[in-house]
């Protein structure tokens, strides 16, 4: 994957969402695990300066911050810089890229991009999933990626049909010659686009929002079927040769640390247990099997220690009450801060024929904890 971009040119700063100009270099065929005969588009998409890089001197964040592969079977593979955690990011990325590419989101295969800084497309080159930042931080960049791919396919069709590019348009998954009605599927053009000049990204026109077919419109989640029938693979489903399993007993409250483990010797003697580890605010047990690790972690007798008076760790008092905290917030003096304000809210309430009011409360916990998180470490 890191070999896709070679020799990014130019020292000028690029605005948000502006791909690095990759003219004068070829897009690579069947590279980095891509399908043979596919059109592979990988370029630095980024914020900050585009620096000239040799193949042996790539700077983090400049290799392949986005990766789009148009396959001969018309499927589109996209590596997302952001993680799908049930919030619909993969579908959103398919909508945004597909809108400008003119490819149905249902034709996308979206996967997580490899870990590391090379796929950092956020301001400052960072990369994380959270705070509802994934779409807003990459919207312009992903649109331009799709538009650039579409332009490449139009160029390939123009060369194949021997007609000016101005006589061509697209429909989902295909280029259309408007005069004759001839169509060429994207997949059939993928290999042909490989050796054509890459357009200047600044010259690629984006759609007017009034033309949107998928952005801002309800579409089916591209991942819902596999998740519904149990085909989706999660970290907890993965295994490697010689793998050990770990289970964790967390502190009952935020800020507590491990004092002593009273029965550590007994834990180590339990079936399959490999080791016991003290973590910040938790005890972990590593064992040959998940069930062995889980049983031992649950059996750990831990004396938890309160933080000292000078501790700077975040701390949850033993007498913390969600209800009392909500009451404190509700009765705090001063005006609240409007996160967003649009229109005449007070006037709308005054003129309404009927006003329905309700207040909802939930516990003071992290949101969306549907199941225990898991990770695979090598």
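Residue numbers (this note's numbering): 153 to 530. Quick reminder that beta carbons are idealized off the backbone N, C-alpha and C, glycines included. Fair warning: this is a prediction, and the values are worked out from it, not measured in the lab.
Can you say whether residue i is buried or exposed, counting buried as having 16 or more other CB atoms within 10 angstroms of its CB?
i: residue 388; result: exposed
i: residue 288; result: exposed
i: residue 254; result: buried
i: residue 477; result: exposed
i: residue 374; result: buried
i: residue 525; result: exposed
i: residue 445; result: buried
i: residue 257; result: buried
i: residue 230; result: buried
i: residue 362; result: exposed
i: residue 530; result: exposed
i: residue 517; result: exposed
i: residue 214; result: Residue confidence for residue 214 is low, a pLDDT of 38 falling below 50, so the modelled location carries little weight; the figure read from the coordinates is stated next. With 16 or more Cβ atoms within 10 Å of its Cβ, residue 214 is classed as buried.
i: residue 392; result: exposed
i: residue 470; result: exposed
i: residue 454; result: buried
i: residue 489; result: exposed
i: residue 167; result: At residue 167 the pLDDT is 33, less than 50, meaning the model places this residue with poor confidence; the figure from the coordinates comes in the next sentence. Answer is exposed; the Cβ neighbour count stays below 16.
Determine the closest residue to residue i out of the options, with distance taken between C-alpha atoms.
i: residue 267; options: 278, 259, 396, 261; result: 278
i: residue 348; options: 328, 339, 304; result: 304
i: residue 270; options: 219, 402, 358; result: 219
i: residue 443; options: 224, 516, 433, 425; result: 425
i: residue 440; options: 473, 403, 397, 413; result: 397
i: residue 356; options: 307, 500, 341; result: 307
i: residue 261; options: 237, 314, 421, 232; result: 232
i: residue 259; options: 473, 265, 378, 228; result: 228
i: residue 309; options: 286, 290, 291, 342; result: 342
i: residue 133; options: 311, 252, 454; result: Because the chain is modelled from 153 through 530, residue 133 falls outside the range shown and cannot be assessed.
i: residue 251; options: 383, 283, 302; result: 302
i: residue 376; options: 239, 471, 495, 498; result: 239
i: residue 222; options: 325, 275, 384, 315; result: 325
i: residue 283; options: 316, 485, 237, 315; result: 237
i: residue 429; options: 503, 505, 422, 399; result: 399
i: residue 479; options: 505, 384, 511; result: 511
i: residue 351; options: 415, 485, 317; result: 317
Thinking C-beta only, is residue j closer than 7 Å to residue i?
i: residue 427; j: residue 435; result: no
i: residue 293; j: residue 235; result: no
i: residue 298; j: residue 328; result: no
i: residue 457; j: residue 411; result: yes
i: residue 449; j: residue 401; result: yes
i: residue 226; j: residue 339; result: yes
i: residue 224; j: residue 300; result: no
i: residue 413; j: residue 452; result: yes
i: residue 382; j: residue 403; result: no
i: residue 508; j: residue 501; result: no
i: residue 515; j: residue 483; result: no
i: residue 273; j: residue 290; result: yes
i: residue 481; j: residue 390; result: no
i: residue 295; j: residue 358; result: yes
message = Across the segment 359-375 and the segment 325-338, are there enough close Cβ pairs to call them in contact, namely three or more that are closer than 8 Å?
response = no
key: Complete beta strand (DSSP E) runs within the segment 395-470 (minimum length 3 residues, chain order)   = 397-402, 409-413, 425-431, 434-439, 454-457
Three or more C-beta pairs below 8 Å linking the segment 309-321 and the segment 227-247 = no
ask   = Whole beta strand (DSSP E) runs in the segment 290-344 with 3 or more residues, listed along the chain?
value = 320-323, 326-329, 335-337
inquiry  = Quick check: the segment 406-422 against the segment 464-473, are at least 3 beta-carbon pairs closer than 8 Å?
reply    = yes
request  = Within the segment 353-398, note down every full alpha helix (DSSP H) run reaching 4 residues or more, in order along the chain.
outcome  = 376-380
ask   = Which runs of the alpha helix (DSSP H) fall wholly inside the segment 469-516 and span at least 4 residues, in chain order?
value = 474-483, 497-503
message = Give the list of continuous alpha helix (DSSP H) stretches no shorter than 4 residues that lie fully inside the segment 229-256.
response = 241-253
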